[in-house]
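The opening residue of the sequence shown carries number 524 in the numbering used here; numbering runs sequentially from there. See below for the structure under consideration.
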Amino acid sequence: MSEQAHIPLVIELPKKAMHRMRNIRAVLRDDRISLGAKGLFVLIMDLPDNWGARPSHIAEFTKTGKHLLSTYRKELEGVGGLRVEPIRLSDKEAAALNARDSKCYRAGHVVGTRWVLADPKLWAIEQSLTKKRKEQSRVAGFPPVGDADSRQPRDSNNRTVRYSMNCKGIEKEKQQDGNLQNAATPYSHLTQSRRRRGDETIEHGVEIWTDGDIARLKSLIAKFGVARVEGVAASLTPAAGHLAPYVSAVIKAIDVAMSKDQRDAEMKQQIGKLSADSPTSKAVAQAHISKMKNALGKKNLE
């Protein structure tokens with residue numbers, strides 16, 4: 524211990540070090556900690572037991588800096604992968620240091636910090652590599668044995684739901700019901716948010732993806748009419764790989780057109796005032812009118 528008295532950081536690894544790397548996969552796939560925290564744990568786990576160093580050396584070695592190193596350490600502490608303990612001198616160690624260095628160390632004096640790593644199998648949670656999906660288990664839908672008639676699962680239309688290894692028949696039936704409903708309500712087939720390629724539709728020349736797109740399109744049509752919305756949509760170039768412009772692009776184009784129309788109207792009004800009752804001299808008024816006409820253009824004055 525006297526050799527470690529001036530070392531501010533000591534790494535203590537789990538027992539059975541020869542097997543400690545077997546559970547690293549769970550650490551790497553634990554989504555509760557960042558990639559930096561995972562890398563720090565793996566790096567420290569690979570160091571020799573009771574390895575002494577300074578935090579600044581680890582920060583420099585990992586190219587993270589002291590601030591990020593502290594952040595990653597706190598992440599590991601939060602999930603139970605790392606415990607930080609102070610290194611205190613015993614009576615014997617304090618006496619030895621005082622005799623050697625002529626200092627006044629006392630028992631319990633803190634001379635460093637110890638990072639104690641926990642075995643990954645005690646805290647790491649290995650997550651699946653595939654994306655989590657909220658899907659109902661097929662097994663959960665089956666009724667208990669002996670009560671099949673009264674416990675058959677039902678859908679929203681009180682129809683018996685049939686389960687099999689091949690669900691194409693059920694999906695086809697749902698699709699047919701959806702088509703009948705779409706015939707009565709034009710936008711009913713888009714009541715769920717959609718983000719996958721191929722699920723989008725074209726309404727009035729606008730590409731529709733979500734419920735919000737439907738609401739914004741309806742609002743535009745109610746305010747400006749179908750003809751103007753379709754005309755603006757037709758004048759826009761869709762994004763690469765898309766068949767029609769987004770609703771947001773149509774809204775922006777209409778706003779730009781409205782702003783331009785408003786500026787043109789205000790300029791015409793100012794020209795009229797200068798021509799009629801401006802107290803400015805006739806020469807100055809004519810100069811202002813000529814300047815505004817050039818900016819506005821002959822087409823807007825007609």
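No residue lacks a Cβ here, since even glycine has one placed at the ideal position from N, Cα and C.
Judged by DSSP in its simplified three-state form, Pro537 adopts coil rather than helix or strand. Collapsing the DSSP output to three states places Glu730 in a strand.
The residues Arg543, Leu640, Ala641, Asp642, in chain order, have a CB closer than 8 Å to that of Pro537 in the same chain once the five nearest residues on each side in sequence are set aside. The continuous stretches of beta strand (DSSP E) do not include Gly754, which lies in the alpha helix (DSSP H) extending over residues 749-758.
From the listed residues Leu566, Asp554, Thr636, Ala576, the smallest Cα separation to Thr653 is found for Asp554. Pairing Ala745 with Gln792, the inter-Cα distance amounts to about 29 Å. Non-local beta-carbon contacts of Leu743 in its own chain, meaning distances under 8 Å to residues more than five positions away in sequence, involve Val752, Val770, Val773, Ile774, Ile777 in chain order. With a threshold of 16 other beta carbon atoms within 10 Å, Phe564 meets it and is buried.
Ala788 and Val779 have their alpha carbons spaced roughly 14 Å apart.
Rounded to the nearest angstrom, the gap between the Cα atoms of Trp638 and Glu535 is 6 Å.
Minimum Cα-Cα distance from Ala757 among the listed residues Ser813, Phe747, Gly748, Pro768 corresponds to Pro768. Sequence-distant Cβ neighbours of Leu759 in its own chain, meaning closer than 8 Å and more than five residues away, are Pro768, Ala772, Val773, Ala776. By the Cβ criterion, the segment 568-587 is not in contact with the segment 603-614, since fewer than three pairs of Cβ atoms, one from each stretch, lie closer than 8 Å. The residue among Thr636, Pro609, Val755 with its C-alpha nearest the C-alpha of Met781 is Val755. Separation of Leu605 and Leu599 (C-alpha to C-alpha, rounded to the nearest whole angstrom) is 5 Å. The secondary-structure analysis by DSSP pairs Tyr769 across a beta bridge with Glu730. The continuous alpha helix (DSSP H) containing Leu620 extends over residues 614-624.
Annotation: Thr653 is outside any alpha helix (DSSP H) and is labelled neither H nor E by DSSP.
For Thr636, the uninterrupted beta strand (DSSP E) run begins and ends at 633-640, by DSSP. Around Thr585, the same chain offers Gly562, Leu563, Leu566, Leu592 as residues with beta carbons nearer than 8 Å, after the five sequence neighbours per side are excluded. Residues Ala767, Pro768 of the same chain have their beta carbon placed closer than 6 Å to that of Pro761, with the five preceding and five following residues left out of the count.
Taking a C-beta distance under 8 Å as the contact criterion, Val607 and Thr636 qualify as a contact pair. Assignment of beta-bridge partners to Ile725 by DSSP yields Glu730. Under the three-state reduction of DSSP output, Gly588 falls in the helix class. Linking Gly559 to Val634 through their CA atoms gives a straight-line distance of about 28 Å. Within the segment 560-612, the complete alpha helix (DSSP H) runs of at least 4 residues fall at 578-585, 588-602.
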